């Protein structure tokens, strides 16, 4: 290979490198767009609409057992739940009354509940904590043994006829 | 010896030109410009109901000053692998964190909403007008009841638009 040829090859190499520069600048342009939407946090607590103890016809303990109380949240920041059941009446707190009014006549004994952390039947004359800081599993927690008991006395059987009821309020606190 | 000196001079000059050119290409023409502009963000807001969430009237613009180019092709894709086409929690490529249905797009030659589970060509060799091209498009996200109970937070997808000038 002659020196002249070497010079030509070197010059061509330099020219090729020079021409390569614009090619780096060129190309298929792209742009990106972020599409977004938000799912908000929800908190739910589900309890039975109605628990019926039927007709009170004899002195007896009337029970309804193993009801489900379900708590749920999609809030990933929450991992525990506390569930409390209460009666919000004042004068007849914890008692079934005629038509659910906060006045007499009321039954002789308070309604008792158990389930979750409440191992034995306990009167609803005060709040009952069924779950205390229990761990959520995929945002869910279930109490599947919630039960109520109403003790009927002979005195109750002679009270004004009608539907005796109580409204239970369940509250879940997620943390 | 003289030949070697010539070779040396040519190599040095060539190297200097290569180094110098990107900084001050005073004797060469500017390279052609190719640009594509898509919306930076498209927000559906809060997903609170079972319905189709939609954003319309979105615009993509493309431009080149390259006189040798007369046509353009524009495509859009999601570059994720496992959840291609789906909005996901925080944009993660995780099946467990995706919405039930993929994002749909329509616009250009895509006349009905189509999922971005594969690359979509919105324009196929469309004619440039003085180097410009403009395209309207829309996006739609179908939200199910299942989606509303998914982990709370921001769900998103990053769309990559590409223009090919010919």
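Residue numbers (the numbering used here), protein chains in the order written: chain A, 1 to 175; chain B, 1001 to 1166. The beta-carbon is built from N, C-alpha and C at its ideal position, and this holds for glycine as well. This structure is a prediction, so every number in the text was calculated from the model and none was measured.
Reference residue 161 of chain A, options A/116, A/127 and A/107, closest by Cα: Stepping through the first chain from its first residue, residue 161 of chain A is reached at position 161. Nearest to residue 161 of chain A by alpha-carbon distance, out of A/116, A/127 and A/107, is A/107.
Rounded separation between residue 114 of chain A and residue 136 of chain A - CA only: As a working mapping, residue 114 of chain A is identified with position 114 in the first chain. As a working mapping, residue 136 of chain A is identified with position 136 in the first chain. Computed Cα separation, rounded: 21 Å.
Contact with chain B by residue 137 of chain A, beta-carbon distance below 7 Å: Position 137 of the first chain holds residue 137 of chain A. No, residue 137 of chain A does not count as interfacial toward chain B.
Any chain A beta carbon closer than 7 Å to residue 1016 of chain B: The sequence position of residue 1016 of chain B within the second chain is 16, counting from 1. Summary for residue 1016 of chain B: the model assigns pLDDT 43, below 50, so the residue's position carries little reliability; its value from the coordinates is reported in the next sentence. For residue 1016 of chain B, the answer is no, since every Cβ of chain A falls outside 7 Å of its Cβ.
Beta-carbon proximity check, residue 1093 of chain B vs residue 1104 of chain B, cutoff 7 Å: Here residue 1093 of chain B corresponds to residue number 93 of the second chain, with the count starting at 1. Here residue 1104 of chain B corresponds to residue number 104 of the second chain, with the count starting at 1. Between residue 1093 of chain B and residue 1104 of chain B, the gap from beta carbon to beta carbon reaches 7 Å or more.
Residues of its chain near residue 1146 of chain B, where Cβ-Cβ distance is below 6 Å and the 5 sequence neighbours each way are ignored: Residue mapping note: residue 1146 of chain B aligns to position 146 of the second chain, counting from 1. Excluding residues within five positions, the ones whose Cβ falls inside 6 Å are 1100.
Residue 1085 of chain B, buried or exposed, once every other Cβ within 10 Å from all chains shown has been counted against 16: On the second chain, residue 1085 of chain B is found 85 positions in, with the first residue counted as 1. Residue environment analysis places residue 1085 of chain B among the buried positions, since at least 16 neighbouring C-beta atoms fall within 10 angstroms of its C-beta.
N- and C-terminal bounds of the beta strand (DSSP E) containing residue 140 of chain A: The sequence position of residue 140 of chain A within the first chain is 140, counting from 1. Run containing residue 140 of chain A: 140-152, per the beta strand (DSSP E) assignment.
Test: residue 1163 of chain B CB closer than 7 Å to a CB of chain A: The residue you call residue 1163 of chain B lines up with position 163 of the second chain. With 7 Å as the cut-off, residue 1163 of chain B counts as an interface residue toward chain A.
Candidates B/1037, B/1164, B/1091 and B/1161, of which the one nearest residue 1061 of chain B by Cα: Position 61 of the second chain, counted from the start, is the residue given in the question as residue 1061 of chain B. Minimum Cα distance to residue 1061 of chain B is reached at B/1037.
Inter-residue Cα distance where the pair is residue 1139 of chain B and residue 1077 of chain B: Residue 1139 of chain B sits at position 139 when you count from the first residue of the second chain. Residue 1077 of chain B sits at position 77 when you count from the first residue of the second chain. Across the structure, residue 1139 of chain B and residue 1077 of chain B are spaced so that their CA atoms are roughly 13 Å apart.
Whole-angstrom distance between residue 1110 of chain B and residue 70 of chain A, CA atom to CA atom: Taking the first chain and counting its residues from 1, one reaches residue 70 of chain A at position 70. Taking the second chain and counting its residues from 1, one reaches residue 1110 of chain B at position 110. About 46 Å.
Those runs of the beta strand (DSSP E) which lie wholly inside the stretch 99-134 of chain A and span at least 3 residues: If we require 3 residues or more, the beta strand (DSSP E) runs fully inside the stretch 99-134 of chain A come out as 112-115 and 118-123.
DSSP three-state assignment for residue 1134 of chain B, whether helix, strand or coil: Looking up residue 1134 of chain B in the second chain gives position 134. DSSP places residue 1134 of chain B in the strand class (E or B) of the three-state scheme.
According to DSSP, residues forming a beta bridge with residue 158 of chain A: Taking the first residue of the first chain as 1, we reach residue 158 of chain A at position 158. Paired residues: none, contrary to the question.
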